[in-house]
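Here the structure is laid out as structure tokens; the discussion comes afterwards.
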Amino acid sequence: MMKKMMAGMMLAAAVTAIGAGAVFADSVDKVDTKGIAFGIPEEIRDLVTVQTDGLDADTLVAVYETASMDAARNMGEENNGAGWIFSITTIPEEEVKELRCGDMSGLEVFAEDEDICYVYAHPTDVRILREEETEYEGGLDQWGKINEWAWQEVRQEILANNPELDEEFYTNTYLDMLLAQGAYKPGTKFELRALEYGPDALDPAAIDEDDYIEDLAEDFTYEVLPEAEAPDGEYYVLAFDADGEEVRYDFFKNSESLNLIREVRTVDGEEMETFYQANIKDADDADETAAGIMEKWCKAVATGEVDDD
Numbered sequence: 000m001m002k003k004m005m006a007g008m009m010l011a012a013a014v015t016a017i018g019a020g021a022v023f024a025d026s027v028d029k030v031d032t033k034g035i036a037f038g039i040p041e042e043i044r045d046l047v048t049v050q051t052d053g054l055d056a057d058t059l060v061a062v063y064e065t066a067s068m069d070a071a072r073n074m075g076e077e078n079n080g081a082g083w084i085f086s087i088t089t090i091p092e093e094e095v096k097e098l099r100c101g102d103m104s105g106l107e108v109f110a111e112d113e114d115i116c117y118v119y120a121h122p123t124d125v126r127i128l129r130e131e132e133t134e135y136e137g138g139l140d141q142w143g144k145i146n147e148w149a150w151q152e153v154r155q156e157i158l159a160n161n162p163e164l165d166e167e168f169y170t171n172t173y174l175d176m177l178l179a180q181g182a183y184k185p186g187t188k189f190e191l192r193a194l195e196y197g198p199d200a201l202d203p204a205a206i207d208e209d210d211y212i213e214d215l216a217e218d219f220t221y222e223v224l225p226e227a228e229a230p231d232g233e234y235y236v237l238a239f240d241a242d243g244e245e246v247r248y249d250f251f252k253n254s255e256s257l258n259l260i261r262e263v264r265t266v267d268g269e270e271m272e273t274f275y276q277a278n279i280k281d282a283d284d285a286d287e288t289a290a291g292i293m294e295k296w297c298k299a300v301a302t303g304e305v306d307d308d
């Protein structure tokens with residue numbers, strides 16, 4: 000059995016807090032394989048093992064902590080993922096759309112090239128391994144240092160060294176999942192509501208147009224706001240039927256809150272509210288807002304006049 004972290008405090012320490020302050024020396028070793036390239040700094044190169052052969056067809060490279068691999072080998076526990084830091088893999092865009100309909104923990108899309116997405120895959124548990132418990136204290140510092148480099152720098156270097164790749168990224172909140180389901184999963188049930196068009200719900204199927212929900216799914220990232228309050232005034236509603244329970248999203252018309260979204264759903268019999276901030280991805284579309292898309296969508300469904308912009 001692998002001798003992994005025993006206590007919550009050690010586990011928390013092993014999961015590196017990613018900040019913006021780490022600075023590594025210039026890379027001295029370069030990984031250049033299967034169309035991607037990134038450097039490994041001097042402080043890291045003797046601590047990791049880079050694997051480029053014997054991988055799945057879609058995996059370009061995998062990086063492991065060498066000390067954990069050595070411990071696994073000595074303990075007869077090879078091939079159990081010990082020491083895995085990250086892999087770079089490619090996934091077709093259509094498959095990524097399906098993945099975005101659910102939990103994508105451990106998969107971070109960071110680039111695309113035509114219809115192929117490049118993904119930074121990483122463990123969702125701690126893969127450090129040592130033969131003796133006493134070795135973990137010093138090992139945690141090394142583990143954190145490697146993960147800090149990997150998380151902060153590898154994707155940025157791949158983008159910088161491979162100009163044919165376009166940067167892309169998604170968040171994976173519950174709102175993201177339902178928007179992806181509405182855009183890409185056939186049979187997903189949802190409706191619109193807007194008081195200005197009467198008390199009845201608006202059926203998006205009334206128009207042959209998917210661009211509105213795709214714009215919400217593709218053009219924004221969504222950040223959960225721990226502390227937020229609903230502004231005064233009306234809002235547009237996008238309501239999903241999620242396993243027989245309504246999940247409602249309120250898009251506020253208040254001019255100062257056009258990218259503020261309130262989620263209302265029942266959890267364990269209690270109505271819960273979560274607030275999100277919608278952040279536009281493309282600076283060229285800075286004037287676009289989540290509420291603005293909802294306004295155009297509701298109008299199109301209610302009047303049959305589709306906005307072609």
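Per numbering that gives the first Met the number 0, the sequence shown runs over residues 0 to 308.
From the three backbone atoms N, C-alpha and C, an ideal C-beta is built for every residue, glycine too.
Test item: CB-CB of residue i and residue j under 8 angstroms
{"i": "V246", "j": "L194", "result": "no"}
{"i": "F250", "j": "A205", "result": "no"}
{"i": "N253", "j": "D231", "result": "yes"}
{"i": "D28", "j": "I35", "result": "no"}
{"i": "D240", "j": "K184", "result": "no"}
{"i": "W142", "j": "I127", "result": "yes"}
{"i": "E269", "j": "V263", "result": "no"}
{"i": "I43", "j": "W150", "result": "no"}
{"i": "E233", "j": "T265", "result": "no"}
Assumed close pair residue i, residue j - CB separation to whole angstroms, cut-off 8 angstroms
{"i": "M68", "j": "A81", "result": "6 angstroms"}
{"i": "N171", "j": "I84", "result": "The pair is not a contact, with the Cβ atoms about 21 angstroms apart (cut-off 8 angstroms)."}
{"i": "E166", "j": "A110", "result": "6 angstroms"}
{"i": "N161", "j": "T220", "result": "With 8 angstroms as the limit, N161 and T220 do not qualify as a contact, their Cβ atoms being about 22 angstroms apart."}
{"i": "A71", "j": "N79", "result": "6 angstroms"}
{"i": "V305", "j": "D202", "result": "V305 to D202, Cβ: 15 angstroms. No contact."}
{"i": "C297", "j": "L191", "result": "5 angstroms"}
{"i": "S310", "j": "T123", "result": "With the chain covering 0 to 308 only, the question about residue 310 has no answer from this structure."}
{"i": "A182", "j": "A216", "result": "5 angstroms"}
{"i": "V108", "j": "F168", "result": "6 angstroms"}
{"i": "V47", "j": "V30", "result": "The Cβ separation is near 10 angstroms, so there is no contact."}
{"i": "Y248", "j": "L174", "result": "7 angstroms"}
Bridge partner(s) assigned by DSSP for residue i
{"i": "R261", "result": "D249 and F274"}
{"i": "Q50", "result": "A61"}
{"i": "T302", "result": "In the DSSP output, where bridge partners are listed per residue, T302 has none listed."}
{"i": "D28", "result": "I39"}
{"i": "Y234", "result": "F251"}
{"i": "F219", "result": "I279"}
{"i": "V266", "result": "E269"}
{"i": "R192", "result": "V236"}
{"i": "L164", "result": "According to DSSP, which records beta bridges pairwise, L164 is partnered with nothing at all."}
{"i": "E244", "result": "A241"}
{"i": "L224", "result": "F274"}
{"i": "L201", "result": "L191"}
Residue i CB to nearest heavy atom of the ligand ZN below 7 angstroms
{"i": "I279", "result": "The model on display carries no ligand, and the ligand ZN is accordingly not part of it."}
### Message
Closer than 8 angstroms is the cut-off here; do at least three beta carbon pairs connect the segment 241-259 with the segment 274-283?
### Response
yes
### Query
Three or more C-beta pairs closer than 8 angstroms, one from the segment 128-144 and one from the segment 107-118: is that the case here?
no
### Task
Take every Cβ of the segment 59-67, pair it with every Cβ of the segment 95-111, and state whether three or more of those distances are shorter than 8 angstroms.
no
### Three CB pairs or more closer than 8 angstroms across the segment 288-303 and the segment 207-221
yes
### Query
What are the start and end residues of each continuous beta strand (DSSP E) run of 3 or more residues lying completely inside the segment 65-135, in chain order?
83-91, 106-112 and 115-120
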